[in-house]
Amino acid sequence: MAIPKNSFVLIDYVLRIKDTGELVDTTMEDVAKKEGKYDPNKVYEPLLVIVGEGRVLKGLEEHIESSGEVGKEFEIEIPPEKAYGPRDPSKVRIFNARDLLRNGIVPEVGKTVEIGNAVGVIKAVSGGRVLIDFNHPLAGKTLVCKYRIVKVVEDDVEKVRHLLHRRYKRVPLDKFQVELDRDGGEVRVVTPREILLDRDLQLVKALVAEEIYRYLSYVKKVTYLDIFEKGSS
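The sequence shown runs -13 to 219 under our numbering.
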């Protein structure tokens, strides 16, 4: 069953490297804990995928769009071309160890470094030469993704809540108070007190407003209400 572009879809998934079975990522807390990959700073919950947005792996998004069915579990292979791309030998470069040290980088095998806005991993250190791989760690890997569509979000108020929530994962979905005036083309949002002092809040508001205009075409105005109650700081 095809799912149209711009649909809001919530999925649970487990992503692995095909050759080794190593867990790459998951939305499921029990899986992460079982395999020693649990991250206490991560919020484990179904992931919002807006079909056609391009925020998830291309191979996964294409499968959701063409074959998605709520509640059904799929297991798909994602080739490098539709995951993190093929390995590019030109992205493996040799540096002089002294030059790195002058720039505050101590060469150690396995260390992640940033040079000229590119992030790489040191693969070898020998004879004053340092081999750094700037390919994505999963470049050239075929991945296996097991996923299930938990829900297709139809309600526009809920869509707005999800757009806000994916920017602030630690704020529960129901903390975002949203009113929708369809006739007037306006969305009104009460900013949760948990994020009122976030330094990036104004930027996030602008970005979410643009997303609302994109996915709810009848909306012409987004109003945010910041409430600072006495004693709430």
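Here a beta-carbon is modelled for each residue, glycine too, at the ideal position from N, C-alpha and C.
- Three or more beta-carbon pairs separated by less than 8 angstroms link the stretch 171 to 179 to the stretch 200 to 219, which places the two stretches in contact.
- Exclusion of the five residues before and after Val56 leaves Ile135, Val136, Lys137, Val138 as the residues of its chain whose Cβ lies within less than 8 angstroms of its Cβ.
- Taking 7 angstroms as the cut-off, the beta carbon of Asn121 is found closer than this to the beta carbon of Lys77.
- Our two residues, Val107 and Arg88, have alpha carbons roughly 18 angstroms apart in a direct line.
- Here the alpha carbons of Arg200 and Asn(-8) stand approximately 9 angstroms from one another.
- Taking every protein chain shown into account, the CB of Glu47 has 16 or more other CB atoms within 10 angstroms, so this residue is buried.
- Less than 7 angstroms divides the Cβ of Pro32 from the Cβ of Ile(-3).
- According to the DSSP assignment, Ile50 belongs to the alpha helix (DSSP H) that extends over 44 to 53.
- Between Ser53 and Ile62, the alpha-carbon positions lie close to 11 angstroms from each other.
- Note on geometry: alpha-carbon atoms of Val95 and Leu117 lie some 9 angstroms from one another.
- Per the coordinates, the alpha-carbon of Asp160 lies some 54 angstroms from the alpha-carbon of Asn82.
- Nearest neighbour of Lys145 by Cα position, chosen from Val10, Tyr70, Glu197, Arg185, turns out to be Glu197.
- Between Gly90 and Ser112, the alpha-carbon positions lie close to 18 angstroms from each other.
- With a 10 Å radius around the Cβ and a threshold of 16 neighbouring Cβ atoms, Gly45 comes out buried.
- Along the length of the stretch 95 to 171, whole alpha helix (DSSP H) runs at least 4 residues long occupy 142 to 151, reported in chain order.
- For Thr12, the CB contacts under 6 angstroms within the same chain, skipping 5 residues up- and downstream, are Val0, Ala18 in chain order.
- Sequence-distant partners of Phe162 (beyond 5 residues in either direction) whose C-beta falls short of 6 angstroms from its own C-beta, in its chain, are Arg147, Leu150.
- Distance from the CA of Lys20 to the CA of Lys28, rounded to the nearest whole angstrom, comes to 16 angstroms.
- Here Asp85 carries a helix assignment [DSSP, helix/strand/coil].
- Rounded to the nearest whole angstrom, the C-alpha separation of Leu43 and Glu215 is 42 angstroms.
- Taken atom to atom, the span from the alpha-carbon of Gly217 to that of Arg168 is near 35 angstroms.
- Partner residues in a beta bridge of Tyr199, as assigned by DSSP, do not exist.
- Of Ile(-11), Val(-5), Lys4, the smallest CA-CA separation from Asp142 is found for Val(-5).
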